[in-house]
Amino acid sequence: MNDFSMITVEHLTKRYGDIIAVNDVSFSLNKGDIVGFLGPNGAGKTTTMRIITGCLAADSGRVIIGGYDILQNPNEAKRLIGYLPEQPPLYDEMTVSAYLDYVADLKDIPRSKKKKLKYMAIYECGLDGVYKRLIKHLSKGYRQRVGIAQAIINDPKILILDEPTIGLDPKQVSEIRELIKGLTGRRTVILSTHIIYEVTMICQKVVIINKGKIAAIDTLDSLSSRVGDKGKIILRVRYNKYKEIAGLLKGLDGILNVIFRNNKFILEYPINQEDQICESISLLFMKENIPILELRPERMSLEDIFVKIVTRDKG
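Each residue of the sequence shown is one higher than the one before, counting from -7 in this note's numbering.
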């Protein structure tokens, strides 16, 4: 493990009878990484996260958290982790404040730090106006905020969130998403979600798991280059002789296809030739004295990447 690695997962395998839920999974995440954890239902996401947090034992393999083996040094490793499961472990008859006191005691937070950390969690999660209320009287959105508060009350270096916006209305989803973005920076974050847009908005890197195995792990741009067979460039110009422009573009080396739609050209080209194609277009239109209003690559959406990887793995 390198000096910057916060999570190292090595050859994890977990079986339930004849079903292999997690199959030889390995990856590592560095300090400050914000990672989206994606996969179809039953792919092994939740099982992997439960093993990482020490809530579930693997049949084989190991997990190193900040230098500590989760099985050999569970207390030291778990002090570095904050975990929000898909169903937050809330107690309806407690007030928010009393519940967070209870969680702080469970996490063995020193008495000298307990009050400060509790109110820091209340503040970070926007619970200032409700911390004296019973949890059962809170909306779904505020209950989820309480769940996140219990995950960060020990000021963890690692935050693992399993479907943090499930069951929320659009306004609550937006608020929780902004809350999570505010918690990143000094923490390594794993975000498991079915809402691919959330990963695009929050995460720097993506881990895709399928059939219990890691199907891909990389940045969005790198994944787009790896799974795509063609690149696309959007071109918009100040010139209305579009047939003439299309003819010029088709004459450029490397252009595979020219599509005109909504007053824009969509140019397809072989993957990994983006710089050369953009340079050729710029030089051509300077020579022809045609002003370029827009020239940019169009990335594959994360949804397209996800579907392509998962569909490929079915073969």
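The beta carbon of each residue, even a glycine, is placed where N, CA and C say it ideally should be.
Would you kindly report the start and end of the unbroken beta strand (DSSP E) that includes residue i?
i	result
ILE152	150 to 154
VAL14	11 to 22
ILE(-1)	-3 to 8
ILE56	52 to 57
GLY74	73 to 76
GLY34	Note, GLY34: premise wrong, no beta strand (DSSP E); not H, not E.
ILE225	222 to 229
LEU82	Taken as a continuous stretch (DSSP letters only), LEU82 belongs to no beta strand (DSSP E), as it is neither H nor E.
ARG288	284 to 289
ILE258	256 to 262
Assuming residue i and residue j form a contact by the criterion Cβ under 8 Å, report the distance between their Cβ atoms to the nearest whole angstrom.
i	j	result
LYS203	ALA35	7 Å
LEU119	VAL191	With a Cβ gap of about 26 Å, LEU119 and VAL191 do not count as contacting.
PHE29	ILE182	5 Å
GLU290	ILE225	7 Å
LYS110	LEU130	That belief does not hold up - the Cβ atoms of LYS110 and LEU130 are roughly 17 Å apart, past 8 Å.
GLY74	PRO148	4 Å
ALA143	LEU76	4 Å
LYS106	ALA96	5 Å
LYS235	ILE263	About 28 Å; that fails the 8 Å criterion.
ASP10	GLU78	About 25 Å; that fails the 8 Å criterion.
LEU240	GLU280	7 Å
In its own chain, which residues sit with a C-beta less than 8 Å from the C-beta of residue i, not counting the 5 before and 5 after it?
i	result
ILE206	VAL17, SER18, PHE19, VAL199, ILE200
GLY174	GLU116
ILE168	GLY133, GLN136, ARG137, ILE140, PRO156, THR157, LEU160
ILE269	GLY223, ILE225, LEU244, GLY246, ILE247, LEU259, TYR261
Is it right to say residue i is buried, meaning 16 or more other beta carbons lie within 10 angstroms of its own, or is it exposed?
i	result
ILE301	buried
SER274	exposed
LEU63	exposed
LYS128	exposed
ARG42	buried
MET(-7)	Residue confidence for MET(-7) is low, a pLDDT of 47 falling below 50, so the modelled location carries little weight and cannot support an answer.
SER326	Nothing can be reported for residue 326, as the shown portion of the chain is limited to -7 through 307.
THR45	buried
GLY58	buried
PHE298	buried
ARG253	exposed
TYR189	exposed
TYR123	buried
TYR8	exposed
LEU98	exposed
GLY31	buried
ILE114	buried
ILE251	exposed
ALA49	exposed
LYS163	exposed
Given residue i, which residues of its chain have a CB within under 6 Å of its CB, disregarding the five upstream and five downstream residues?
i	result
ARG228	LYS256, LEU285, GLU286
TYR60	GLU68, ALA69
THR39	LYS6, ALA13, VAL14
GLN265	GLY246
PRO66	GLY46
MET193	none
PHE277	ILE284
ARG230	PRO283, LEU285
VAL165	THR157
LEU171	none
PRO80	GLY139
How is the alpha helix (DSSP H) around residue i delimited, first residue to last?
i	result
ASP97	88 to 98
PRO66	66 to 70
LEU248	Unbroken run through LEU248: none, as it is neither H nor E.
PRO162	162 to 175
LEU275	266 to 279
ILE43	37 to 44
LYS242	234 to 242
Quick one: residues in its chain with C-beta nearer than 7 Å to the C-beta of residue i, no 5 flanking neighbours on either side, listed in chain order?
i	result
ARG71	ASN146
ARG125	THR87, VAL88
SER52	HIS3, THR5
ASP25	THR180, GLN196, LYS197
ILE(-1)	SER20, LEU21, ILE44, ILE57, ILE150, THR180
LEU215	VAL198, ALA208, ILE297
LYS37	PHE29, GLY31, SER184, ILE201
At least one CB of chain B closer than 8 Å to the CB of residue i: is that the case?
i	result
CYS117	No chain B is part of this structure, which consists of one protein chain only.
Task: Within the stretch 182 to 207, ranges of the alpha helix (DSSP H) (whole runs, at least 4 residues) - done: Counting only runs of 4 or more, we get 188 to 194.
Open item on the list: My parser needs the beta strand (DSSP E) runs of 3 or more residues fully inside the stretch 99 to 134; what are they?
Closed with: Runs of the beta strand (DSSP E) lying entirely within the stretch 99 to 134 and spanning at least 3 residues: none are present.
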